[in-house]
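Shown next, in structure tokens, is the structure this report addresses.
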Amino acid sequence: MSLVLSGVSQSFGSVEALAPVDVEVASGEFVSIVGPSGCGKSTIFNIVSGLLTPTTGSVTLDGNPITGRTGHVGYMLQKDLLLPWRTVLDNIVLGADLRGRATSQERQRAADMAARYGLGDYLNHYPHALSGGMRQRVAVMRTLALDHPVMLLDEPFGALDSHTRLLMQQWLLDVWREQRKTILFVTHDIDEALFLSDRVIVMSPRPGRVQEVVTVDLRRPRDVHLTAEIPYTSLKGHLLDLIYGRAA
Amino acid sequence: MSSTRTGKNARLLTAIAIPLASLVVIVVAWDLAVRIFDIAPYVLPSPQRTFEALQDDWEILRDGAVITSKEFITGFLIGAVAGFAFALAMSWSRLVQRLLYPVLITSQAVPIIAVAPALVIWMGFGLAPKLTIVALIVFFPVVVNVLDGLAAVDKDLIALATAMGGTRWRIFRSVTLPATLTPLFSALKMTATFAVTGAVLGEWTASTSGGLGVALLEAQSRLDVASVFAAIVLLVILGLAAFGIVALVEVLLTPWRRSSVAPAWRTHFRNRSLSTPPAPAQDMSPAPTELAAP
Chain A
1 MSLVLSGVSQ SFGSVEALAP VDVEVASGEF VSIVGPSGCG KSTIFNIVSG
51 LLTPTTGSVT LDGNPITGRT GHVGYMLQKD LLLPWRTVLD NIVLGADLRG
101 RATSQERQRA ADMAARYGLG DYLNHYPHAL SGGMRQRVAV MRTLALDHPV
151 MLLDEPFGAL DSHTRLLMQQ WLLDVWREQR KTILFVTHDI DEALFLSDRV
201 IVMSPRPGRV QEVVTVDLRR PRDVHLTAEI PYTSLKGHLL DLIYGRAA
Chain B
249 MSSTRTGKNA RLLTAIAIPL ASLVVIVVAW DLAVRIFDIA PYVLPSPQRT
299 FEALQDDWEI LRDGAVITSK EFITGFLIGA VAGFAFALAM SWSRLVQRLL
349 YPVLITSQAV PIIAVAPALV IWMGFGLAPK LTIVALIVFF PVVVNVLDGL
399 AAVDKDLIAL ATAMGGTRWR IFRSVTLPAT LTPLFSALKM TATFAVTGAV
449 LGEWTASTSG GLGVALLEAQ SRLDVASVFA AIVLLVILGL AAFGIVALVE
499 VLLTPWRRSS VAPAWRTHFR NRSLSTPPAP AQDMSPAPTE LAAP
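Same order as they appear, the protein sequences are chains A and B. For the first sequence, our numbering assigns the number 1 to the initial residue and increments by one for each residue that follows. For the second sequence, our numbering assigns the number 249 to the initial residue and increments by one for each residue that follows.
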């Protein structure tokens, strides 16, 4: 048991944004959260990352309380949020620079990682010179470089075209397998959630709450052809029923 | 390598040649206007007469240019630093912002020409009133631009940096402060030439300490229009030089705005300890084998 949210809820004034939820994410697990806007996905992320202190409940990481404390999990948004004045390498080590100053070992590790994931020739490039997919890879590497076991990814590929998006999903699965991270992933896209995850948490809005947790027991490693196979399509049908109501 | 070098030199040459050509056109038009319309030299001296006056009065004008330069450079720096500090203080807390906003607007609303004599009464005939006038001119645009830059920093970026465990000060140092460079320099470029005008204005109200403004007034009292123009030419050169230096510093400090790759002098020191990275394990945009399969 790695990341545990117990009875976590959030109210803003008299508005209940998130009804008490209990979520457990095992070490090395890939869990997605899907649901319509206003279902509290981003609220959960802000609570786990420590940016928000929940109204009730607690968050623990390997048994240690991290409720309302930042700097314990990696965090990434749809916007790459790369700093335009920092090179690729300097963007990857931003976390280290924010905790002090990146050591030469940290810079070396970042350079090795960039080379490993295909950006070795771009260490000294500025972000504006990179394509959207490359920028998101740098943003993922910036999150990896923090060296936290848990990564929160909030619709990281939402702004990419569908082809780049597929490549990035595949790439993320490679990274996840190699780096042995625990990933909590928010998306609007049911296919993306199914393709990537071990489990999918379906949430419903007003107030945000967990509707159902769906276990995705599909083969790994996964490739695009999986999405045409019957176990996948039946799971997808089930998710569509949950989110949009049962088909007539 | 050599072909890109040649291309770079050619680009640099055009970058210099074209503005220079427009300058030549202005001088030629000036000269032609004087000849064609037969303008009397006490109304508009020709470029040649102006140049001769520049030579004749060279020592006075040179000393004046040195004094004026000291005034506008020092005043410019004071105004820039004060404006930057002001903007930071205002962004730091709402209370400070509310306290300082009236001061800021007043500093801009006060007609500088009107307060110049008062400044002389308060500060005497020395350097102080000139520096104040120049600083006042630079101050407001710097505050407004830097405030805009600070406000434009993405809130999600601050949230991300906070989630990464950054303290307020370190986020300021690594995320907020660099974001002010671009708006700061657009204000500095805008005010660099105004600063020269401000120095001249100061010299006119307190003319005992010399400067190009004083040389200009003296030439005017002698009805020596060619000398007036010589002083004006020097003032223009000072203004252009001021702009050029600010623009040059901007290019050095914000290379990401023009270039795809960081210049070597910015990366060499920080990356000196890196061993050559291993050969890429993956290609740039690999179609993973599973995806490429039919």
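Don't be surprised by glycine CBs; every beta carbon is placed ideally from N, CA and C. The structure displayed is predicted, hence computed values, not measured ones.
Between A/L218 and A/P231, the gap from beta carbon to beta carbon is short of 8 Å. The continuous alpha helix (DSSP H) containing B/F433 extends over residues 429–453.
Between A/L173 and A/V138, the CB-CB gap reaches or exceeds 8 Å. Checking the DSSP bridge columns, you'll see A/G95 has no partner listed. Assigned with DSSP and collapsed to three states, A/I201 falls in strand.
Around A/K79, the beta-carbon contacts reaching into chain B at under 7 Å are D404. For A/G71, the nearest CB of chain B lies under 8 Å from its own CB, placing it at the interface with that chain.
Annotation: A/T60 is outside any alpha helix (DSSP H); the continuous beta strand (DSSP E) that includes it extends over 56–61.
A Cβ-Cβ separation of about 6 Å places A/V88 in contact with A/L123 under the 8 Å criterion. Residues are counted here when their Cβ sits less than 9 Å from a Cβ of chain A; for the region 396–427 of chain B these are D402, D404, L405, A407, L408, A409, T410, A411, M412, G413, G414, T415, R418, I419, R421, S422, V423, P426, A427, given in chain order. DSSP places B/N393 within a helical segment (H, G or I) once states are collapsed to three. For B/A495, no CB of chain A lies under 8 Å from its own CB, so it is not counted at the interface with that chain.
By the CB criterion at 8 Å, B/E319 and B/L379 fall inside the cutoff.
What B/A510 touches in chain A, judged by beta-carbon distance under 8 Å, is T87, N124, H125, Y126, going in chain order. For A/G74, the enclosing beta strand (DSSP E) has its first and last residue at 74–76. Against B/L522, the close residues of chain A are R107, Q108, A111, in the order they occur along the chain (beta-carbon pairs closer than 7 Å). Between A/K79 and A/I92, the alpha-carbon positions lie close to 15 Å from each other.
With respect to chain A, the C-beta atom of B/W340 has no partner C-beta closer than 8 Å.
The beta carbon of A/A228 sits no closer than 8 Å to any beta carbon of chain B. Sequence-distant partners of B/P511 (beyond 5 residues in either direction) whose C-beta falls short of 7 Å from its own C-beta, in its chain, are P503. According to DSSP, A/R209 shares a beta bridge with A/S204.
CA-CA distance, A/L130 to A/E178, rounds to 24 Å.
For A/D191 and A/T103, the gap between their C-alpha atoms comes out near 40 Å. Shown here is that no member of the region 441–474 of chain B has a Cβ falling below 9 Å from a Cβ of chain A.
Relative to B/G487, the option among B/V473, B/L343, B/T316 whose CA is nearest is B/T316. In this chain, A/F157 is not harboured by any beta strand (DSSP E), its DSSP state being neither H nor E. Taking a C-beta distance under 8 Å as the contact criterion, B/A337 and B/A383 do not qualify as a contact pair.
Assignment of A/N64 by DSSP, reduced to helix, strand and coil, places it in the strand class. Boundaries of the beta strand (DSSP E) harbouring A/T182: 182–186, taken from the DSSP string.
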